[in-house]
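Residue numbers (the working numbering), protein chains in the order written: chain A, 2 to 387; chain B, 8 to 216. Note that beta-carbon positions come from the ideal geometry of N, C-alpha and C, so glycine has one too. Since we're looking at a predicted model, the values are computed, not measured. Report on the structure given below.
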């Protein structure tokens, strides 16, 4: 596939409210993870990556009424607005489709009996209607909730849907917030690390949670981009490893199949990849499984990182913001250091990126895995790349 | 190429319909749990993991079992090429509320991983994949109402682009005692037959009403 171009994007996390700000921090190796003791989030001290609420409300009040939207909706609207501003696309036109992803949506409303919103606002589709409504969208939004691969699935869904030519442009936006709900659940699984997460490291003990939103605008209209050599979506696939609802396959077969199918859609038969942005949650099982899948796909030589050490595991945003960061690694020809990694801790050899490096990057692969046995792979490259 | 509905199952309060034929009518109007158990028994399903599932997974799982049991069409297809794409309205909200009750009161704080894992709507898809070893495309879409137009567009595109050969697809929803499941087994049409049922929104709307 070479007809779906990336037009514009935005990332909102603890590391900033734009892709530029976030990516600069990644380049400098700066993490947004901090220890929190907020009782509304955790009963024990926990590292986590949070979006500055004061800044969020201040930024939002420039474009809308802060009281009418939930925390997640505000982040989504700001993120979409910034992307749209950089795109020249009119989201209110009938050729623009909205695709959303989130794992828990407005779950903070369940924790606050006195919240000012209508009861139905707890539903994921209500978020889609509110947020796309802000942009006067005339099309029915699509909402994906596929656990930790949701963001990657949303991008694949958008590309799949653009292929049937009903729409020209897709605004793909995904995110999740941190409240009490998610940390308590992961803590009950004993899956949360006491220190900032260390993907692929020998001493890794689990995930660090984060909140954030990402937006990427994809289009089949070549005129929507000014660049001569834009980044294009080549292929993507969701698979299931059919093993266990809360544990990844021991062999990595599901993720390997996803990579294979993404390459098949791209018409790619070689292993010429410049960079892999792994899921790398830093749980013992996930990283081990991923190393096996990467090895099975014969991609051990490819520089790989996990960005979770910078902004934590951002659930419904992860697949999107990590694809955006990968696209900017292509655009800026650089590899971001895999933060938290020092001693190799998975059974297969991997080329984990130890230091920031400037290097020509033309094609990149994003992988993701999650509860429910889900796996996803997304492959982007420059238009001129082979 | 056109795709066709090879089998379908509808579970609504007190009634199970399979390929257009009513197979169970619960005259006692039992509550959800008892009704699901009677379905499980009626079709002689033997799968102990069923009893660990939350209500959303139970209804989606049972509808899939009814379609797939003794199904020759599915046996011919590589499980790696079978997708599971299900739409739902209330996500996992019913279980979310139950889970939240376990952490609400700090003097009685007992979050359970066994409950937490069901606070994800796509776990119903995972359960169906695990049972049948399906490894193809799987996505959970959330929509206010069942949306056959979107679903047919999406699933037909997956079949047409050769990503999958067959798909378990449709709708499953559970919230506070209200429930419904409408699942189809859809596959590529191999030969034109008079009684083929096309996988199109207008046909689906006719079948479910």
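Quick check: is the beta carbon of residue 68 of chain B nearer than 8 Å to any beta carbon in chain C?
Among the protein chains in the structure shown, which are A and B, there is no chain C.
If contacts are defined as beta-carbon pairs under 8 Å, then residue 91 of chain A and residue 315 of chain A qualify, I think. What distance do you get, rounded to the angstrom?
That pair is no contact at about 28 Å.
Looking at the C-beta of residue 126 of chain A, does it have a partner C-beta in chain B at a distance below 8 Å?
So yes, residue 126 of chain A belongs to the interface.
Nearest neighbour of residue 358 of chain A, chosen from A/330, A/123, A/379, A/144 [CA to CA]
It is A/330 whose Cα lies nearest to the Cα of residue 358 of chain A.
For residue 1 of chain A versus residue 95 of chain A, is the C-beta spacing smaller than 8 Å?
With chain A covering 2 to 387 only, the question about residue 1 of chain A has no answer from this structure.
Euclidean distance between Cα positions of residue 201 of chain B and residue 133 of chain B
Each residue's alpha carbon lies about 35 Å from the other.
Can you confirm whether the segment 297 to 313 of chain A touches the segment 195 to 212 of chain A when touching is taken to mean that 3 or more C-beta pairs between the two stretches lie within less than 8 Å?
Between the segment 195 to 212 of chain A and the segment 297 to 313 of chain A there are three or more C-beta pairs closer than 8 Å, enough to call the two in contact.
What does residue 165 of chain B reach in chain A if we use C-beta pairs closer than 8 Å?
By Cβ distance, chain A contributes 161.
Ordered along the chain, which non-local residues of its own chain (more than five positions away) have a Cβ less than 7 Å from that of residue 187 of chain A?
Excluding five sequence positions before and after residue 187 of chain A, the CB atoms of its chain that fall closer than 7 Å to its own CB belong to 193, 208, 210, given in chain order.
Any idea which residues DSSP pairs residue 14 of chain B with across the strands?
Note: residue 14 of chain B sits in a beta bridge opposite B/192.
For the segment 189 to 210 of chain B, enumerate the residues whose C-beta is nearer than 7 Å to any C-beta of chain A, in chain order.
Those would be none; no residue qualifies.
For residue 56 of chain B, which option in B/49, B/68, B/95, B/45 has the closest C-alpha, if you only look at C-alpha atoms?
The shortest C-alpha separation from residue 56 of chain B is found at B/68.
Chain-ordered residues of the segment 148 to 159 of chain A with a beta carbon less than 7 Å from chain B
Here the close residues are 148, 154, 158.
Nearest-angstrom Cα separation, counted from residue 63 of chain B out to residue 56 of chain A
So the alpha carbons of these two residues sit roughly 39 Å apart.
Name the chain A residues whose beta carbon is nearer than 7 Å to that of residue 124 of chain B?
Simply 246, 247, 372.
Residue 125 of chain B to residue 9 of chain A span [Cα, whole Å]
Taking the straight line from one Cα to the other gives about 35 Å.
Kindly indicate which three-state DSSP category residue 89 of chain B falls into: helix, strand or coil?
DSSP places residue 89 of chain B in the strand class (E or B) of the three-state scheme.
Check whether the segment 9 to 23 of chain B touches the segment 239 to 249 of chain A, taking contact to mean three or more Cβ pairs, one atom from each stretch, closer than 8 Å.
The segment 9 to 23 of chain B makes no contact with the segment 239 to 249 of chain A: fewer than 3 CB pairs, one atom from each, lie closer than 8 Å.
At a CB distance below 7 Å, what residues from the segment 137 to 153 of chain B approach chain A? Give them in sequence order.
Within the segment 137 to 153 of chain B, the residues whose Cβ lies closer than 7 Å to some Cβ of chain A are 137, 140, 141, 142, 143, 144, 145, 146, 147, 148, 149, 150, 151, listed in chain order.
Can you name the start and end residues of the beta strand (DSSP E) that residue 146 of chain B belongs to?
Run containing residue 146 of chain B: 145 to 149, per the beta strand (DSSP E) assignment.
Exposed or buried, residue 69 of chain A, counting other C-beta atoms within 10 Å across all chains shown (16 or more means buried)?
So residue 69 of chain A ends up on the exposed side.
Identify, in the order they occur along the chain, each residue of the same chain with its Cβ nearer than 7 Å to the Cβ of residue 52 of chain A, setting aside the five sequence neighbours on each side.
Excluding residues within five positions, the ones whose Cβ falls inside 7 Å are 13, 14, 15, 76, 212, 213.
Near residue 31 of chain A, what residues of its chain come up, given a Cβ to Cβ distance below 8 Å and the 5 sequence neighbours on each side ignored?
Leaving aside the five residues that flank residue 31 of chain A on each side, the residues in its chain whose CB is nearer than 8 Å to its CB run, in chain order, 16, 311.
Partner residues on chain B for residue 175 of chain A, Cβ-Cβ distance less than 8 Å
The contacting residues do not exist; residue 175 of chain A stays about 13 Å from chain B at best.
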